[in-house]
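Residue numbers (our numbering), protein chains in the order written: chain A, 9 to 524; chain B, 251 to 542.
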Amino acid sequence: MAKVVIDPMSRIEGHLKVEAVVEGGVVKESAVSGTLFRGFEIFLRGRDPWDAQRLTERVCGVCPAVHGMAAAQNLDRALGVTEKVPPNGRLIRNIILACNYLQSHILHFYALAALDFVDVTAVADYAGNDPDLLAVKRFLASGALAPFVPRYEGDYRLDKKQNIELTRHYIQALRMRALAHEALAVFGGKMPHDVGMVPGGVICGPTTDKIMSIIAKVRAIGEFAENVYIPDVIAVARAYPDYASIGKGVENYLAWGVFDEDLDPDLTRRKRYFPNGVIIDGKLGKADPEKVFEDVKHSWYADDCAGAPAEAQTIPLPEKNGAYSWLKSPRYDNAVCEVGPLARTMVAYRSGDEACRAEVDRLLSALGAKADALKSVLGRHAARAIEVKRLAGKIVKWALSLKPGEPFCVEAPVPDSGVGYGCVDGPRGALGHWIEISEKKIARYQLVVPTTWNASPRDSQGRPGPMEQALMGIRVKDVDNPFELARIVRSYDPCLACSVHVLDAHRNLKGAIRIA
Amino acid sequence: MASQVKQIPVVWYQAASCSGDSVALLNTTNPNVRQVLVDEIVPGVHINLLFQMTIMAGQGAPIIEILQTTAVAKKGEYLLVVEGTIPTAANGMMGTSGEKNGRPCPMAETVADLGRNAMATIAAGTCASFGGVFAAEPNPSGSLGVRDFFCSRGIQTPVINVPGCPMHPDWLVGTIAHILLFGLHRPDELDDAGRPLEFYGVQIHENCPRRPFFDAGKFAKKIGDEGCLYQLGCKGPVSYADCPYRGFNNHTNWCIQAGSPCHGCTEPDFPDKLSPLYQKITEERLARFVLA
C-alpha cells in the first residue's frame with residue numbers, strides 16, 4: 009500500500025494533517041491530525057482574567073471576534089455581570105461578530121474554496137474591458153503564475169464564461185471581505201484582533217454616524233450576497249452535482265447558537281438569532297455546555313487531561329504512544345458531532361426557524377435538490393452563503409435598534425474567585441471558553457474550538473472524528489489530483505493548516521512515503 | 251503586465267501563527283489586493299508570490315517542493331516573509347508543516363533553510379518580530395521570533411521587523427516597496443527594535459488625540475468615560491507606531507479612537523511585560539520595561 013502525501017493543505021487557517029488509506033480507488037481509512045501546539049491554556053494561567061479577553065482572540069486571525077464573544081460571555085459569567093450587559097452592549101457585540109461572519113464566509117468561499125472549482129486560467133482568452141480581468145489576463149500572459157499554479161488539474165467543470173465571471177467575483181469578493189472588516193472596525197477599533205468587546209459590554213456606544221456607516225457597508229455586502237455569492241454557489245452546484253452527495257460526515261450536529269436576543273443565564277433557554285440545539289441520531293434537543301467531554305486517547309496530551317472542559321488540564325506529551333494529533337477529541341453526550349454552518353442550519357431548520365427555512369427551501373428549489381443534499385460539500389457552502397445574506401439584513405436591524413446616549417458597558421471588577429463559561433457559535437462552529445478564577449488570577453482556562461470538534465482524532469472508543477468519517481468511502485478518481493479529499497476537507501473550513509495524506513494500495517507516488 | 255516588468259520572488263511562510271497577518275495583508279487598500287497579487291506593486295515590479303498558504307491554489311508535495319527549490323535555485327534573490335513564531339521545543343515537533351522523506355518537516359528547519367538563502371527576511375507581525383503572544387510566558391512551545399531564531403542558528407540574513415498584532419497592511423506593503431524602490435533599509439532607517447522608522451518612529455502617547463486630556467489631568471476611570479485612557483491601562487506612553495495618523499481598515503478606526511486603551515501590540519514586550527493589559531503602567535512596571 010502506498011501513501012501519497014498532500015502536505016501541507018493550503019487555503020485554510022492553521023496546521024493540520026489528514027491521512028487516507030485508498031484501496032481500489034476508495035478511501036478505506038482516514039486520520040486527521042493537528043500539527044501545531046501553541047499552548048493558550050498554559051500561558052493564560054496566572055494572568056489577569058481581563059487579559060483573556062484580548063489574548064484568546066489571537067487563537068485565530070480569521071475569526072477573532074468569536075473568541076472575543078466567547079471570552080466576554082465567559083468573563084461576564086465569572087464576574088457576575090451576565091444579565092447586566094446593557095442592550096447597546098449586547099447589540100454591538102452581535103454586530104461585531106456578525107461582521108466577522110460576513111468576512112469569514114466570503115473569504116472562505118472565494119479565496120479559500122473557489123480555486124478548487126474555478127479555473128482562473130480561462131481569463132487568458134478574455135476579450136472584454138473589465139480592468140480587474142484585464143489585470144489577471146496580463147498576469148497570466150507574464151507566465152509567473154504563482155500563487156495560482158501549481159494546483160490540482162483535471163476537474164474544472166465550469167464553462168469559460170463562468171470561469172471568467174467567477175474570477176471577476178473572486179477579486180470583487182476580496183474587496184467585500186475587506187469592507188466587512190471596515191464595518192466591524194466601526195465599533196471594534198480594528199480588525200483582525202478587534203478591541204471592541206470587554207467584560208460587561210463594549211468599549212464604545214452608538215452614534216448616528218457609526219450607525220449610518222455600518223448600514224451603508226453592510227447593505228453593499230448584502231447586495232453582493234444576494235446577487236453574486238448565492239448565484240455563484242448555485243452555478244458551482246450545477247456544475248459539480250456529485251458534491252451534493254459526498255462529504256456527508258457524521259450526521260450529528262451541535263450548535264451553541266449565537267447572537268443573543270436576551271440574556272437568560274440558562275443557555276438552553278436563551279433566545280439567539282441562530283438557535284441553540286443539538287441533533288443526535290436524528291433527535292433534536294437543546295445543547296448544554298455541561299455535556300461536553302474531551303477525550304485525549306489519541307492526542308499528544310497526558311491521559312489525565314481527559315474530562316469536562318471546566319475541569320480539564322492541558323499537559324503536552326509529544327512522545328505519547330498511539331497519539332497522532334495536537335487536537336483533543338471533544339464529544340457531546342458521548343456523541344461525535346459536526347459543528348459549523350451546516351450544523352447551525354440543520355438545528356435552525358429542525359427547530360422551525362421560519363426565516364432560515366425560507367432561505368434554505370428557496371435555494372434547494374433553485375437547484376431542484378432535496379433537503380438531504382444539504383449534508384454535503386455543497387450544502388456547507390450553501391449554508392454559509394445563506395448566513396451571509398441573512399446576517400447582512402439582521403445587522404441593519406440591530407444597528408437601527410441602538411440607542412445613542414444610553415449605556416453600553418457596566419463595570420466588571422474581578423472577584424477573588426469565580427467560574428464561568430462562554431459558549432457561542434463562530435463562523436466555523438461551536439466555540440466554548442471555560443474559566444476558573446482564583447486569587448483574582450486565571451487558575452484555569454480551557455478552549456474547545458470548532459475545528460477541534462470537526463477535525464478531532466479517534467476517541468477512546470475508536471470512533472473517528474467528523475472529518476475522518478466524511479472522508480471514509482470516498483471514491484478518489486485520480487490519486488495524483490485528489491480533488492475529492494481537498495474539497496471535502498475545505499468544505500468544513502478548517503481553522504488549521506492541513507496536510508492530506510492518501511495511501512494508495514498500488515502506487516507509490518511523487519512525494520510519497522512508505523509502502524505499508 | 252508588460253514583459254519588461256521585473257519579477258521579485260517572494261516566499262511568505264506561516265510558522266506558528268493565527269494567520270492574522272495574512273488576513274491583514276488582504277485588507278491592503280493602496281495598493282489594493284489585486285495590484286499586490288497580480289499587478290505591479292510598484293511601477294515596473296511584480297511580486298511573484300511563490301508561496302502563501304492562505305491563498306495559494308496548490309497544496310501538498312508540489313508546494314513543499316517550491317520551498318525547497320526556491321531556497322536553492324533562487325539563492326540570494328528572493329524575499330522571505332515569515333508570519334508567526336518559530337516553535338523550537340521538542341526538537342521542533344510542536345510545529346510541523348509538510349513532509350520530507352516521510353518525516354514531518356519542523357517549521358524551524360524550513361525557516362532556517364529559507365532564511366539562510368534569502369536576500370532579506372521580513373518578520374510580519376509581532377510574533378515573527380519578537381515572539382509575541384505565542385511566546386508568552388512560560389512559552390510552552392519554545393517559540394522564538396525570527397531575529398532570535400536566526401541568531402541561535404548563526405544565520406546572517408538581514409531581518410526587518412514589521413510588528414503589530416496584526417501589522418497594518420500599509421506597514422508591510424510599504425516595507426516591501428521601500429526595499430524595491432530604495433534598497434534594503436540602512437541602519438539609520440530602523441529603530442533599535444529593527445522596525446522601519448518611517449512607520450514606527452511615532453510615539454503613540456505623544457501623538458494621541460486624547461493627549462490634551464492627559465495634559466489637563468482628565469482621566470477616564472471606567473470604559474466609556476471621556477478622558478485619557480492611561481488609568482485604564484493604555485500603553486501608548488511606551489508604544490511606537492503611526493496608528494494615530496494612519497487608522498486601520500481603510501482608515502476607519504484604531505484602538506484609542508474607538509475607546510480602547512492601547513495594548514502596545516507593536517512592542518517587543520507585548521504581551522508579557524505590558525500585562526495586565528487593562529491596568530495602568532506603574533513605575534515598577536515601567537522600570538521593568540525600560541530595563542529590559
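No residue lacks a Cβ here, since even glycine has one placed at the ideal position from N, Cα and C.
If you're wondering where the values come from, they're calculated on a predicted model, not measured in any experiment.
Taking C-beta atoms as the reference points, A/Leu87 and A/Ala420 count as a pair closer than 7 Å. Rounded to the nearest angstrom, the Cβ distance from A/Ala318 to A/Trp406 is 31 Å, too far for a contact under 8 Å.
In chain order, Gly474 and Gly509 make up the part of chain B whose C-beta sits under 9 Å from the C-beta of A/Gly213. Within its own chain, the residues whose Cβ lies closer than 7 Å to the Cβ of A/Lys225, once the five positions on either side in sequence are excluded, are Leu187, Glu190 and Ala191, listed in chain order. Contact of A/Lys198 with chain B by beta-carbon distance below 7 Å involves Phe498, Asn499, Asn503, Trp504 and Cys505. In the three-state reduction of the DSSP assignment, A/His306 falls in the coil class, being assigned neither a helical nor a strand state. In the same chain as B/Phe380, and ignoring 5 residues on each side of it, the C-beta atoms closer than 6 Å to its own belong to Gly395 and Pro518, in chain order. The beta carbon of B/Thr516 lies closer than 7 Å to those of Thr376, Pro413, Gly414, Tyr450, Ser489, Tyr490 and Ala491 in the same chain, with the five residues before and after it left out.
Against chain B, the CB of A/Ala186 has a partner CB under 7 Å away; the residue lies at that interface. Using a 10 angstroms sphere on the CB of A/Tyr453, the tally of other CB atoms reaches 16 or more, which defines it as buried. Ranked by Cα distance from A/Lys299, the first of A/Ala343, A/Phe282 and A/Phe267 is A/Ala343. Of all residues in the segment 293 to 326 of chain B, those with a C-beta nearer than 9 Å to a C-beta of chain A are His296, Asn298, Leu299, Leu300, Phe301, Gln302, Met303, Thr304, Ile305, Met306, Ala307, Gly308, Gln309, Gly310, Ala311, Pro312, Ile313, Ile314, Glu315 and Ile316, reading in chain order.
Residue pairing by DSSP puts A/Phe301 in a beta bridge opposite A/Arg339. Comparing C-alpha distances from A/Pro207 to each of A/Arg352, A/Gly430 and A/Val244 shows the shortest one belongs to A/Gly430.
Remark: C-beta atoms of A/Ser468 and A/Lys305 approach each other more closely than 7 Å. B/Phe498 is classed as buried because its beta carbon has at least 16 other beta carbons within 10 Å across all chains shown. For A/Glu419, the chain B residues whose Cβ falls inside 9 Å of its Cβ are Lys472 and Ile473, in order along the chain.
Counting the other Cβ atoms within 10 Å of the Cβ of B/Gly514 gives 16 or more, which makes it buried.
Chain B has a Cβ within less than 7 Å of the Cβ of A/Cys68. For B/Pro390, the C-beta contacts it makes with chain A under 7 Å involve Gly47, Ile50, Phe51 and Pro324, in order along the chain. Residues Pro200 of the same chain have their beta carbon placed closer than 6 Å to that of A/Gly69, with the five preceding and five following residues left out of the count. Separation of the CB atoms of A/Pro326 and A/Arg392 is rounded to 35 Å, and the pair is thereby denied contact status at 8 Å. Within the DSSP bridge table, the entry for B/Asn411 names B/Ala373 as partners. Inclusion of A/Gly196 and A/Gly204 in the CB contact set at 7 Å is warranted, their separation being smaller than that value. Taking C-beta separations shorter than 6 Å and ignoring five residues to either side along the sequence, the partners of A/Ile172 in its chain run Ala130, Val131 and Tyr134, following chain order.
With a threshold of 7 Å between beta carbons, A/Val74 makes no contact with chain B.
Remark: fewer than three beta-carbon pairs, one from each stretch, lie closer than 8 Å, so the segment 432 to 441 of chain B and the segment 223 to 239 of chain A are not flagged as touching.
For A/Leu455, the enclosing beta strand (DSSP E) has its first and last residue at Lys449 to Val456.
In this chain, A/Tyr237 is not harboured by any alpha helix (DSSP H), its DSSP state being neither H nor E. For B/Arg284, the nearest CB of chain A lies under 7 Å from its own CB, placing it at the interface with that chain. With its beta carbon less than 7 Å from one in chain A, B/Tyr528 belongs to the interface. Residue pairing for A/Glu444: DSSP places it in a beta bridge opposite A/Val427 and A/Arg452. At a C-beta separation below 8 Å, B/Val288 has these neighbours in chain A: Ala143, Val144, Arg146 and Phe147. If you draw a 10 Å sphere on the C-beta of B/Phe400, you find 16 or more other C-beta atoms in it, and that means buried. Close CB contacts of A/Gln111 within its chain, under the 6 Å cut and outside five residues either way in sequence, are with Arg185, Ala188 and His189 (chain order). The three-state secondary structure of B/Cys493, taken from DSSP, is helix.
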